[in-house]
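**Student:**
Numbering (the numbering used here), first residue to last: 14 to 136.
1. Take the Cβ of residue 20 as the centre, count every other Cβ of all protein chains shown within 10 Å, and call the residue buried at 16 or more, exposed below.
2. From which residue to which residue does the alpha helix (DSSP H) around residue 123 run?
3. Please confirm if the stretch 96-103 is in contact with the stretch 51-64, defined as three or more CB-CB distances below 8 angstroms between the two stretches.
4. Take residue 44 and list the residues in its own chain whose beta-carbon comes closer than 8 angstroms to its own, dropping the five residues that flank it on each side.
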């Protein structure tokens with residue numbers, strides 16, 4: 014059996030960084046925003062790794078809900094366009110309302126997607 018002593022991070026001396034309390038809060042906030050510990054965040058930035066953020070789960074749930082709404086509205090429109098007997102009682106005004114609702118839901122989805130994609134600093 015070969016005994017190889019590998020240096021670990023815990024056994025290595027830490028790097029101290031002097032900063033103001035406001036700067037520390039900003040760095041800590043940036044680390045939280047991407048879902049990393051302060052130490053891991055600073056190490057990743059220091060060695061040049063690209064730090065990627067995590068997507069807000071609430072926004073993903075909102076997108077899934079909006080997508081479901083669009084699917085249901087699209088299904089109603091499709092039934093009407095195929096002259097399905099179940100939609101015979103729907104008039105033109107009802108269909109125009111469905112189309113308007115689809116447009117509004119698409120706008121809502123675009124807004125949530127922009128919130129997910131746009132960096133937090135630009136919000």
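The beta carbon of each residue, even a glycine, is placed where N, CA and C say it ideally should be. Note that the structure is a prediction, hence the values are computed from the model and not measured.
**Tutor:** From the atom records:
1. exposed
2. 105-130
3. no
4. 50, 51, 53, 54, 55
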